[in-house]
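All residue numbers for the sequence shown refer to this note's numbering, where the first residue is 445 and numbers rise by one. As C-alpha cells, the structure follows; a few thoughts come after it.
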Amino acid sequence: QEKTVTAPLVSASKDLATKQKSVQTLAIFLTGNDALLTRVMEDALAIQLSNAGYTVRNRETSEKSVGEQLAKKRQDKTEGAVNAVEVGAALKADAIITGTVIINLNDQHTPIIKTASFQVLDVAGGGTLLAFLSETEKGMTLSLMAGSLVSHLRRNRE
C-alpha cells in the first residue's frame, strides 16, 4: 500500500506579508525529545535561514541572554519563566522561532523528524506570524524539514 506524504499544516497571520518584510534578524529556541539532535536541528534551521538572507542570532548569545534574564528575575524576586518574546527583544531580533521536534534514527541511523511544530513569533508585537506543523509517516531529514519551514517564510517575504 502506497503511503501518502502529508503537506504541513500552516497558519499565517493576516499581516504576515507586511511584517515579514521587516523581519531580518531571527533567534531560534527549539525543544525536542533528544537534546543533541535538537541542537543539530537548530543549526540546520540557522543555515537555511542564513542562505535565505536572514541574520540569525547564534546559540551562545541566545543562551547567555536567557541566563541573564533568569538571574534578573531571581534578583528582582519575580516569579515566572523567561518569555521567548522577551528573549527575542533582548537579542534585538525581529522574530523568534520556537517549537518542538520529535527526532528518531531510521534504519540507516540518519536522524529523521516525523513530527515538528514551529511558531514564528513577532518580537515587537508579541503575536504569532506563522504556525507550522508537519507530521509525516516516513519522516524528513533535519535539513529538509528546515528547508520546508524556511520556504513557507520566504513565500510571504517577497
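Think of the CB as a built atom: it goes at the ideal place given N, C-alpha and C, for glycine as much as any other residue. All values derive from a computational prediction rather than experimental measurement.
Rounded to a whole number of angstroms, what is the C-alpha to C-alpha distance between Ala568 and Lys465? Looking at the backbone, the Cα of Ala568 and that of Lys465 are separated by about 14 Å.
Give the C-beta separation of Leu470 and Ala537 to the nearest angstrom, bearing in mind that I take them to be a contact with Cβ-Cβ under 8 Å. With 8 Å as the limit, Leu470 and Ala537 qualify as a contact, their Cβ atoms being about 6 Å apart.
Is it buried or exposed for Glu504, if we count other Cβ within 10 angstroms and need 16 for buried? exposed
Between the C-alpha atoms of Glu512 and Val531, what's the straight-line distance to the nearest angstrom? 10 Å
Determine, using beta carbons only, whether Thr554 and Gln563 come nearer to each other than 8 Å. Going by C-beta atoms, Thr554 is not nearer than 8 Å to Gln563.
Unbroken alpha helix (DSSP H) runs of length 4 or more, entirely within the stretch 560-600: which are they? 586-599
Per-residue DSSP class, three states only, for Thr482: helix
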